[in-house]
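A short write-up of the structure that comes next.
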Amino acid sequence: MIGPTIGLLGGGQLGQMLILAGLPLGLSFVVWDPDPESPAGKLSTRHFCEPYDSRETHKEFARLSDLVTYEFENIPYPLVAELEQKVSLPQGSSLLSTCQHRICEKQTLKQLSIATAPFQSVASTRALEECLQQWQTPILLKTCMGGYDGKGQRKVDKVADAEAAFQDLQGDQRELIAEGWLPFEREISSLVARSTTGEIHCFPVVENVHEAGILASSLVPARISEDLNRKALNITTQIAQGLKLHGMLAIEMFVMPDGQLLVNELAPRPHNSGHYTQDGTNVCQFEQHLRAICGWPLREPKLHSPTVMLNLLGEHISALQAWHLGLPAEAHLHWYGKAEARPGRKMAHLNLCAASLDEALEELEKWKLRSPPKGIYT
Numbered sequence: 006m007i008g009p010t011i012g013l014l015g016g017g018q019l020g021q022m023l024i025l026a027g028l029p030l031g032l033s034f035v036v037w038d039p040d041p042e043s044p045a046g047k048l049s050t051r052h053f054c055e056p057y058d059s060r061e062t063h064k065e066f067a068r069l070s071d072l073v074t075y076e077f078e079n080i081p082y083p084l085v086a087e088l089e090q091k092v093s094l095p096q097g098s099s100l101l102s103t104c105q106h107r108i109c110e111k112q113t114l115k116q117l118s119i120a121t122a123p124f125q126s127v128a129s130t131r132a133l134e135e136c137l138q139q140w141q142t143p144i145l146l147k148t149c150m151g152g153y154d155g156k157g158q159r160k161v162d163k164v165a166d167a168e169a170a171f172q173d174l175q176g177d178q179r180e181l182i183a184e185g186w187l188p189f190e191r192e193i194s195s196l197v198a199r200s201t202t203g204e205i206h207c208f209p210v211v212e213n214v215h216e217a218g219i220l221a222s223s224l225v226p227a228r229i230s231e232d233l234n235r236k237a238l239n240i241t242t243q244i245a246q247g248l249k250l251h252g253m254l255a256i257e258m259f260v261m262p263d264g265q266l267l268v269n270e271l272a273p274r275p276h277n278s279g280h281y282t283q284d285g286t287n288v289c290q291f292e293q294h295l296r297a298i299c300g301w302p303l304r305e306p307k308l309h310s311p312t313v314m315l316n317l318l319g320e321h322i323s324a325l326q327a328w329h330l331g332l333p334a335e336a337h338l339h340w341y342g343k344a345e346a347r348p349g350r351k352m353a354h355l356n357l358c359a360a361s362l363d364e365a366l367e368e369l370e371k372w373k374l375r376s377p378p379k380g381i382y383t
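Numbering (our numbering), first residue to last: 6 to 383.
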């Protein structure tokens, strides 16, 4: 290999796609993931299939890695902070710590003068009731750490529901955050890469449709005005610069009826909503992330064609098996190779490139790979 060896913390599908993007660049990879069926581990030079608190693995992983990156946020912060003292870790442990904790993340955005939903730490049912009374709106009650894909959160519509929601999320045992409910029109995300040299490039803004808290589909370009598109990219650049980002960052935003953009959350790594870049743009988010952390020149992303990305979960696999050999050339299937197909588990995604979003959506409707996500056609 002509490039450095990348130590990859976490070995899911994001890690798998990082490796697939990095091998043609001359990079090699070692993976640390406790899962013996890790999709990334199967492609790596070496897979450390050990718990993240293994001291022996810690030493060997650091020894074999020229630099380290993490593919998702649920990596123990102490591990990342300690590795950062021994080997180059361009993303840094500080950003990971910020994005692992919802209140810290919101406070950081506030310090950067970025608008978000109203939020408040809640340590009791009474505190939750006060938020409901003060904001005069339903509330999303969330765990501060560990939730993803709609897990670890409950909607609270009225004061009478506060006690049950608080107990359901074990508020007496862990920290919770209350966020004001937002009557948004659309959900969008913006992806940006910033290199260790300070070079920065944004990808086209994405429109996202969720079902049951899980991303169902992404559409590019987002169906928003030029003015909103410009605002989203300005917010994205402001956050990336303010955080001194190294690598990829995804920023989820809500489009409000009055045209305001409110930031929902950050993901300091390649993101599900950026999967369209594998086929829809001249450089994918995975290659761009690797270029950024290696300090290599970034590529300026350009959209080849309108693209719809469709997530395929465990419950969609039977339909996929019936169709995948007959998909047209414009449809690109990315299979993760996971051993067990469970409902709600991300198993693959499909990118459909077309002359227009309408044409792509019409084509998807023919296949019946999954029921059309609510909102995808509006």
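Note that the Cβ used here is the ideal one computed from N, Cα and C, for glycine as well.
So, helix, strand or coil for residue i, using DSSP?
i, result
"L196", "strand"
"F53", "strand"
"C207", "strand"
"L325", "helix"
"I298", "helix"
"E389", "With the chain represented from 6 up to 383, any question about residue 389 goes unanswered, as that position is not in the structure."
"F66", "helix"
"E320", "helix"
"A120", "coil"
"W37", "strand"
"E367", "helix"
"Q178", "coil"
"K156", "coil"
"E110", "helix"
"W372", "helix"
"G342", "coil"
"V313", "strand"
"K163", "coil"
"K307", "coil"
"T130", "helix"
"E61", "helix"
"Q141", "coil"
"S361", "coil"
Are the Cβ atoms of residue i and residue j separated by less than 8 Å?
i, j, result
"A120", "L233", "no"
"A324", "Y341", "no"
"T241", "I256", "yes"
"I244", "E184", "no"
"K351", "N316", "yes"
"G46", "D58", "no"
"E190", "P306", "no"
"V225", "P311", "yes"
"E78", "Q105", "yes"
Could you spell out the range, first to last residue, of the alpha helix (DSSP H) harbouring residue i?
i, result
"M22", "Q18 to G27"
"C104", "S98 to Q105"
"Q172", "A167 to D173"
"V85", "Y82 to E89"
Since residue i and residue j should fall inside the 8 Å C-beta cutoff, what is the C-beta to C-beta distance between them, to a whole number of angstroms?
i, j, result
"E76", "G20", "4 Å"
"S200", "A237", "Not confirmed; about 21 Å, so no contact."
"M314", "Q290", "Going by Cβ atoms, the distance from M314 to Q290 rounds to 12 Å, so no, they are not a contact pair."
"L100", "P209", "Not really, about 24 Å apart at Cβ, beyond 8 Å."
"H280", "N356", "7 Å"
"T202", "G300", "6 Å"
"G319", "P273", "About 27 Å separates the two Cβ atoms, so there is no contact after all."
"E168", "T130", "5 Å"
"G247", "L117", "4 Å"
"A132", "A198", "At roughly 39 Å, the Cβ-Cβ gap does not stay under 8 Å, so A132 and A198 are not in contact."
Give the range of the beta strand (DSSP E) segment to which residue i is assigned.
i, result
"A353", "K351 to C358"
"A255", "G252 to V260"
"E270", "L266 to A272"
"A221", "I219 to V225"
"K236", "Segment E231 to L248 is the alpha helix (DSSP H) holding K236; no beta strand (DSSP E) there."
"T74", "L72 to Y75"
In chain order, what residues of the same chain have a beta carbon less than 8 Å from the beta carbon of residue i, not counting five sequence neighbours either side?
i, result
"E87", "H63"
"Q158", "L145, L146, K147, T148, G152, L174 and G218"
Leaving out five residues before and five after residue i in sequence, what residues of the same chain have Cβ atoms less than 6 Å from its Cβ?
i, result
"V92", "A67, S70 and V73"
"Q326", "none"
"T142", "G185 and W186"
"G12", "V35, F66, S70 and V73"
Excluding five sequence neighbours on each side, which residues of the same chain lie with their C-beta closer than 7 Å to the C-beta of residue i?
i, result
"G264", "L233"
"T50", "S33, F34 and V35"
"S98", "Y82, V85, A86 and E89"
"L220", "N213, N277, S278 and N316"
"V260", "F189, E190, R191, I193, I229, L233 and L266"
"A334", "none"
Taking 7 Å as the cut-off, is the C-beta of residue i nearer than that to any heavy atom in the ligand FAD?
i, result
"S126", "With respect to small molecules bound, the structure shown includes none, and the ligand FAD cannot be examined in it."
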